[in-house]
Ligand code: PEP
Ligand code: MG
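Numbering (our numbering), first residue to last: 32 to 636.
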């Protein structure tokens, strides 16, 4: 990996990412978080410019008041989104920030007590139009009146009105944007925000790279981009300003850099960088069939995290020994109906068969936080990361859990499956899942349905600080542990992993996080159950020696990182790494820990 989330964050310690326009040619260099390596040169595709399908109908008289309220709520939501953009704009230096600020102020005015808002409310009231159609008609009227103005500055404001209209419509229809149906060749998707579900729709054969204004390095959007092998830069302030559809743009996902309207010399430089990058990836690919063994002979298992079944070929090509984490959320994303047991079974069976007997760890549904699925109809709640998500959701909707466990159990007849439960905080949750699983096993046995005998092991994700501190007790209820450092870091340090404004504070080398990892690993070793680690930390070669030194031998990561971690494993002396890990665990300060690790990594330890 040429870049890691941490190194990108360290490069910009105040957490703000400034634009540096180049006056003469219009070349603009923007900085953000490089979250998925690789270099792309392509054509801008503005995700926000998509039209939203607008339903139109007459309201029964009794629904007018409720419709007005629905519209007002959507307008408030749009206002809050623009306010977030205003905060970003203030972080921009120079005239770019100032101009963007003026524009966003104007947007705010349009969203509060303006002619637009009054006009929409009047149409709902007088014409009994649904809110979407009322917005569309009002926007068309206002934009047309601007467009006919002689003054070119005012005429250009029509585009702003339409932009505000699209934002209102997206909030009303709950469709962030239309899917990526028609894309230019080598499209570089630019957007304020991409959800993990949006990202899952991207076809890497058509899309060259992605860049967004919002989003942190550990967000599921970032993880999805790595899985798809798409260069990605998130958290880029000022990204959307001045980027027109079709414009040439360079994305450097390793350095976290976007270059709009590059000069010919810049283009040539990045084409060369891209060729060098691809060459280094090809060299790493030669490690595929070589085992991950330390210099002193300790065997390490490198597995892949998977977001989508379409990744299976790249997982196999990476030399992964199996799937250490299958995020099953893909089964629930971008659809209006729930997947039934049979459908889930068919998908999982095909996947485990393709993995040909290699272990496949299937995690039960982890919807919530930054991942939502409209088919579940969940309201995100006041704090989505702390709400009804993951195992809590599964236990509150037993039919969901039963369908999923039954599908997994049936698929276990065709491969080597393990089941993993996300976001566990209590022993009771594990007990409840185990009881549900036992009931599913009995039901399938009564129906004579084949499945693995004995049934697959049931593991706990250690990703809540309470679970790490209670790891000794949880070990009694788990067949294995998988440490999820993405959430463990988020919850231990109270830093939203998807929020670019605090990304520079997100640090898995914080001694508190390391102690929780160590404690969980030791609890597993004491209870003689296997322990692995499947957070993004596993895929960063800077951390490999420390994790091995803490006793962890199974590392699961984005497939793209497997070769570089394997390369690192093969240079490590485990005895020395264990000694260094002990020294590190005596430290109380992350900067010192980073130094000790760095000096070990460069062979000065
Ligand atoms: C984690 O939290 O570390 C993890 C692997 O799960 P996810 O990233 O899907 O939340
Ligand atoms: Mg997690």
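All residues carry an ideal CB built from backbone N, CA and C; glycine is no exception.
In this text the structure is predicted, and so the values were computed from the model without any measurement.
Item, Value
"Alpha carbon of residue 397 to alpha carbon of residue 420, nearest angstrom", "6 Å"
"Residue 517: CB within 7 Å of a non-hydrogen atom of the ligand MG", "yes"
"Of the residues 473, 577, 62, 561, the one placed nearest residue 512, counting alpha carbons only", "561"
"Three-pair Cβ contact test at 8 Å for the segment 140 to 159 versus the segment 234 to 244", "no"
"Environment of residue 538 [buried if 16+ CB atoms lie within 10 Å]", "buried"
"Uninterrupted alpha helix (DSSP H) stretches inside the segment 331 to 365 (no shorter than 4 residues)", "343 to 348"
"Best match in 489, 520, 427 for proximity to residue 495 [C-alpha to C-alpha]", "520"
"Counted within 10 angstroms of its Cβ, other Cβ atoms place residue 642 as buried (16 or more) or exposed", "With the chain represented from 32 up to 636, any question about residue 642 goes unanswered, as that position is not in the structure."
"Exposure of residue 321, with buried meaning 16 or more beta-carbon neighbours within 10 Å", "exposed"
"Cβ-heavy atom distance, residue 254 to the ligand PEP, below 7 Å", "yes"
"Secondary structure of residue 413, DSSP reduced to three states", "coil"
"Residue 62 (DSSP reduced to helix, strand or coil)", "strand"
"Proximal residues to residue 446 (C-beta, below 7 Å), its chain only, five neighbours per side dropped", "383, 384, 386, 388, 391"
"Simplified DSSP assignment, three categories, for residue 501", "coil"
"Residue 471: CB within 7 Å of a non-hydrogen atom of the ligand PEP", "no"
"Secondary structure of residue 5, DSSP reduced to three states", "Because residue 5 is not part of the residues shown, which for the chain are 32 to 636, the question remains open."
"Backbone secondary structure at residue 90 - three-state DSSP", "coil"
"Residue burial classification, residue 412 (beta-carbon count within 10 angstroms, cutoff 16)", "exposed"
"Residues near residue 568 by beta carbon distance below 6 Å, same chain, minus five either side", "516, 539, 574"
"Residue environment, residue 498, which counts as buried when at least 16 other CB atoms sit within 10 Å", "buried"
"Residues sharing a beta bridge with residue 399, DSSP", "402"
"For residue 621, the first and last residue of its enclosing alpha helix (DSSP H)", "621 to 632"
"Residue 450, enclosing beta strand (DSSP E) - first and last residue", "447 to 452"
"Span separating the alpha-carbon of residue 243 from that of residue 106", "23 Å"
"Beta bridge counterpart(s) of residue 368 as assigned by DSSP", "None, per the DSSP bridge assignment."
"Proximity test, residue 494 beta-carbon vs the ligand PEP heavy atom, cut-off 7 Å", "yes"
"Beta bridge counterpart(s) of residue 390 as assigned by DSSP", "447"
"Closer than 7 Å: residue 227 CB and nearest the ligand MG heavy atom", "no"
"Cβ distance (whole Å) where residue 535 is taken to contact residue 462 below 8 Å", "With 8 Å as the limit, residue 535 and residue 462 do not qualify as a contact, their Cβ atoms being about 40 Å apart."
"Span of the beta strand (DSSP E), counted from its first residue to its last, around residue 238", "238 to 243"
"Whole-number beta carbon distance between residue 65 and residue 287, since they are thought to touch under 8 Å", "3 Å"
"Cβ distance (whole Å) where residue 529 is taken to contact residue 246 below 8 Å", "6 Å"
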